[in-house]
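Engineer:
In the numbering used here, the protein residues as written are 8 to 487.
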């Protein structure tokens, strides 16, 4: 009959060589909590023949060359993006630590000892001077991964790296869209400022005319004060818009991470080259390509692997220390026959009762449920962002069409009011009212065009546009 200890040893080695156990639960992607019936089904929300956002690089989507140049500067200098890169490097290093724990670490040592004893403490004929030399090569406390603890720690670190990689991609998409929005806002506010300055000039000319008529007794003081009110209101609008333009430049400078280049800007939104048309595509396909959703899923996979780590704590852990070397009383004798030494120290730790192990397991389950809730919330938030952007896209054209018609009607009203005033039919108050209403409508016209442009940027970003596979970070091994 064979020795049972030999059978146990043989079975253990077979288990070690066969790849060991993995106690992590099988991962299955949760169903996306999306009410399909609530997805916009208007004409602009259906799939068109235009490419979907993830298929379009930001260089192709943003046709305006000045805007592309600003985005390039931001990608090279923005501090938030640099932080995302550093977090990515940290995740890669942490993955390397956990992965390398799968393999034994070899170490080499060497020592020399010299000792001289008192002649009163040694036997006659023994040397007073003692020398000892040794060199060793060994494996220190290597833990064979019988129950997948180390491999699950490595998998968890890998998923955290992949989540950091998606966070980097998300930071890039956010930066690109933020630069575009800041650029468009600056152009729109400069256009509004130019309109306000032109309006102020006309109102000052009108005020000077009324003032001359008032001095000659041809106009009332009420008419004069009404004209003065329009002038002062326009001056206040100009001051406010100049402040807003300065704030737009500051915001753009912060995003660029460096000074704003001295280049001529478009005078109006109409001069900005049109953004590329995109197709929303299918929600289930595009939403899962968003970096925030992909990062949330990688975190869910990491939590799944951590459950395997917690489960392995209920099973024995084994560590092996093995040393092979040579020792001699003379340096020249280190590598002679008979000087070799070796030691092999296996150690087994068997958990019997440890409340912390159960607590650790409950923590892993709670963490998984928490990350699952965050994953579902991320999907629902993404669904809402896309739905809102599509709703704006479906109605903004009608709003602009109505606003354009309103501006045209008010321009005609202003023209007719001037004619009737010059003919002495109406008072100048009607001219002032028409002028004030026209200015307000023109400002609203600029604001709606800005909404239309920024909504295109927003829709492109929330559907995962702004980053291509070539822009994604390298693997953790390549970043080490």
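Every residue gets a Cβ at the ideal spot worked out from N, C-alpha and C, and that includes glycine.
The model shown is predicted, which means the values in this text are computed figures rather than measured ones.
Apply the 10 Å Cβ neighbour rule to residue 284 and answer buried if 16 or more other Cβ atoms are within range, or exposed otherwise.
Structural biologist: Counted from its first residue, the chain shown places residue 284 at position 277. With fewer than 16 other Cβ atoms within 10 Å, it is exposed.
Engineer: Closer than 7 Å by C-beta to residue 488: which residues in its own chain qualify, once you throw out the five before and the five after it? Chain order, please.
Structural biologist: In the structure as shown, the chain starts at 8 and stops at 487, and residue 488 therefore has no counterpart that could be examined.
Engineer: Taking all protein chains shown into account, decide if residue 114 is buried (16 or more other Cβ within 10 angstroms of its Cβ) or exposed.
Structural biologist: For the purposes of this step, residue 114 is taken as residue 107 along the chain shown, with counting starting at 1. Label assigned to residue 114: exposed.
Engineer: Tell me which residues share the same chain as residue 149 and place their Cβ nearer than 6 Å to its Cβ, disregarding the 5 neighbours each side in the sequence.
Structural biologist: Reading the chain shown from its first residue, position 142 is the one you call residue 149. Closer than 6 Å at the Cβ level, and outside the excluded window around residue 149, lie 111 and 327.
Engineer: Thinking C-alpha only, which one of 449, 72, 101 and 68 is nearest residue 409?
Structural biologist: Mapped onto the chain shown, residue 409 falls at position 402. Cα-wise, what sits closest to residue 409 is 449.
Engineer: Given a threshold of 16 other Cβ atoms within 10 Å of its Cβ, counted over all protein chains shown, does residue 313 qualify as buried or as exposed?
Structural biologist: Taking the chain shown and counting its residues from 1, one reaches residue 313 at position 306. Buried is the call here.
Engineer: For residue 393 and residue 354, I'd like the C-alpha separation in whole angstroms.
Structural biologist: Taking the first residue of the chain shown as position 1, residue 393 is located at position 386. Taking the first residue of the chain shown as position 1, residue 354 is located at position 347. Residue 393 and residue 354: Cα-Cα distance of roughly 57 Å.
Engineer: State the Cα-Cα distance for the pair residue 212 and residue 435, rounded to the nearest angstrom.
Structural biologist: Within the chain shown, numbered from 1, the residue matching residue 212 stands at position 205. Within the chain shown, numbered from 1, the residue matching residue 435 stands at position 428. Looking at the two C-alpha atoms, the distance is approximately 13 Å.
Engineer: What is the DSSP secondary structure of residue 143, reduced to helix, strand or coil?
Structural biologist: Taking the chain shown and counting its residues from 1, the one referred to as residue 143 is at position 136. Residue state, collapsed to three classes: strand.
Engineer: If you draw a straight line from the C-alpha of residue 264 to the C-alpha of residue 74, how long is it?
Structural biologist: Within the chain shown, numbered from 1, the residue matching residue 264 stands at position 257. Within the chain shown, numbered from 1, the residue matching residue 74 stands at position 67. Cα-Cα distance, rounded: 15 Å.
Engineer: Just curious, the beta strand (DSSP E) that residue 123 is in, first and last residue?
Structural biologist: Here residue 123 corresponds to residue number 116 of the chain shown, with the count starting at 1. 113-123 is the span of the beta strand (DSSP E), which, as asked, contains residue 123.
Engineer: Using a Cβ-Cβ cut-off of 8 Å (strictly less than) and excluding sequence neighbours within five positions of residue 167, which residues of its own chain qualify?
Structural biologist: Here the question's residue 167 lines up with position 160 in the chain shown. Here the set comprises 98, 101, 102, 305, 306 and 309.
Engineer: Could you pull the DSSP bridge partners for residue 324 from this structure?
Structural biologist: Along the chain shown, one-based indexing puts residue 324 at 317. The partner list for residue 324 (beta bridge, DSSP) reads 356.
Engineer: Once the 5 residues before and after residue 60 are set aside, which same chain residues still bring their CB inside 6 Å of it?
Structural biologist: Within the chain shown, numbered from 1, the residue matching residue 60 stands at position 53. 285, 467, 470, 471 and 472, listed in sequence order.
Engineer: Across which residues does DSSP place residue 386 in a beta bridge pair?
Structural biologist: Residue numbering aside, residue 386 sits at position 379 when the chain shown is read from its first letter. According to DSSP, which records beta bridges pairwise, residue 386 is partnered with nothing at all.
Engineer: With H, G and I counted as helix, E and B as strand and the rest as coil, what does DSSP make of residue 63?
Structural biologist: If you number the chain shown from 1, residue 63 lands on position 56. In the structure shown, residue 63 sits in coil (DSSP, three-state: anything other than H, G, I, E or B).
Engineer: Quick check on DSSP: helix, strand or coil for residue 217?
Structural biologist: For this step, residue 217 is matched to residue 210 along the chain shown. The answer is helix: DSSP assigns residue 217 an H, G or I state.
Engineer: Secondary structure at residue 280, three-state DSSP: helix, strand or coil?
Structural biologist: Numbered from 1 along the chain shown, position 273 holds the residue referred to as residue 280. It is coil, neither helix nor strand.
Engineer: Can you give me the Cβ contacts of residue 438 inside the same chain, cut-off strictly under 8 Å, excluding the 5 residues immediately before and after it?
Structural biologist: For the purposes of this step, residue 438 is taken as the residue at position 431 of the chain shown. The answer, listed in chain order, is 213, 421, 424, 425 and 428.
Engineer: How would you call residue 269, buried or exposed, if buried means at least 16 neighbouring beta carbons within 10 angstroms?
Structural biologist: Locating residue 269 in the chain shown gives position 262, where the first residue counts as 1. Label assigned to residue 269: exposed.
Engineer: Can you tell me whether residue 135 is helix, strand or coil according to DSSP?
Structural biologist: On the chain shown, position 128 is the one that residue 135 refers to. Residue state, collapsed to three classes: coil.
Engineer: Just how far apart, CA to CA, sit residue 352 and residue 28?
Structural biologist: As a first step, residue 352 is located in the chain shown; it is residue number 345 there, counting from the start. As a first step, residue 28 is located in the chain shown; it is residue number 21 there, counting from the start. In a straight line, the C-alpha of residue 352 is about 23 Å away from that of residue 28.
Engineer: Does the beta-carbon distance from residue 195 to residue 453 come in below 7 Å?
Structural biologist: Residue mapping note: residue 195 aligns to position 188 of the chain shown, counting from 1. Residue mapping note: residue 453 aligns to position 446 of the chain shown, counting from 1. Their beta carbons are under 7 Å apart, which means residue 195 touches residue 453 by this criterion.
Engineer: Write down the C-beta distance between residue 3 and residue 406 rounded to the nearest angstrom, noting that I regard them as a contact closer than 8 Å.
Structural biologist: Only positions 8 to 487 of the chain appear in this structure, which leaves residue 3 out of reach.
Engineer: Tell me whether the segment 271-282 and the segment 62-72 touch, counting them as touching only if at least three CB pairs, one residue from each stretch, are closer than 8 Å.
Structural biologist: Yes: at least three Cβ pairs fall under 8 Å.
Engineer: What first and last residue would you give for the alpha helix (DSSP H) that runs through residue 442?
Structural biologist: Here the question's residue 442 lines up with position 435 in the chain shown. Taken as a continuous stretch (DSSP letters only), the alpha helix (DSSP H) holding residue 442 covers 435-469.
Engineer: Tell me the DSSP secondary structure of residue 223 in three-state form.
Structural biologist: Walking along the chain shown from the start, residue 223 turns up at place 216. Reduced to three states, the DSSP call for residue 223 is coil.
Engineer: Can you give me the Cβ contacts of residue 81 inside the same chain, cut-off strictly under 6 Å, excluding the 5 residues immediately before and after it?
Structural biologist: Along the chain shown, one-based indexing puts residue 81 at 74. Only 182, 186, 262 and 263 meet the Cβ criterion.
Engineer: Rounded to whole angstroms, what is the Cα-Cα separation between residue 383 and residue 169?
Structural biologist: Looking up residue 383 in the chain shown gives position 376. Looking up residue 169 in the chain shown gives position 162. Near 19 Å, if we compare the C-alpha coordinates of residue 169 and residue 383.
Engineer: In this structure, how does DSSP classify residue 415 when only helix, strand and coil are distinguished?
Structural biologist: Numbered from 1 along the chain shown, position 408 holds the residue referred to as residue 415. Three-state DSSP puts residue 415 in a helix.
Engineer: Just mark residue 177 as buried or exposed, buried being the case when its beta carbon has 16 or more other beta carbons within 10 Å.
Structural biologist: As a first step, residue 177 is located in the chain shown; it is residue number 170 there, counting from the start. Looking at its Cβ environment, which holds 16 or more other Cβ atoms inside 10 Å, residue 177 is buried.
Engineer: Since residue 153 contacts residue 325 with CB under 8 Å, what's their CB separation in whole angstroms?
Structural biologist: Numbered from its first residue, the chain shown carries residue 153 at position 146. Numbered from its first residue, the chain shown carries residue 325 at position 318. Yes, they are in contact, since the Cβ atoms of residue 153 and residue 325 sit about 7 Å apart, within 8 Å.
Engineer: Would you identify the three-state DSSP class for residue 36, choosing helix, strand or coil?
Structural biologist: Looking up residue 36 in the chain shown gives position 29. Three-state result, residue 36: coil.
Engineer: Between the C-alpha atoms of residue 126 and residue 134, what's the straight-line distance to the nearest angstrom?
Structural biologist: Stepping through the chain shown from its first residue, residue 126 is reached at position 119. Stepping through the chain shown from its first residue, residue 134 is reached at position 127. Rounded to whole angstroms, residue 126 to residue 134 spans 9 Å at the Cα level.
Engineer: Would you mind sorting residue 40 into buried or exposed? The rule is 16 or more other CB atoms within 10 Å of its CB.
Structural biologist: Here residue 40 refers to the residue found at position 33 when the chain shown is read from its first residue. With fewer than 16 other Cβ atoms within 10 Å, it is exposed.
Engineer: Can you find the residues in the same chain that come closer than 8 Å, C-beta to C-beta, to residue 248, ignoring five residues on each side of it along the sequence?
Structural biologist: Numbered from 1 along the chain shown, position 241 holds the residue referred to as residue 248. For residue 248, where only same-chain residues beyond five positions count, the Cβ hits under 8 Å are 196, 199, 200 and 203.
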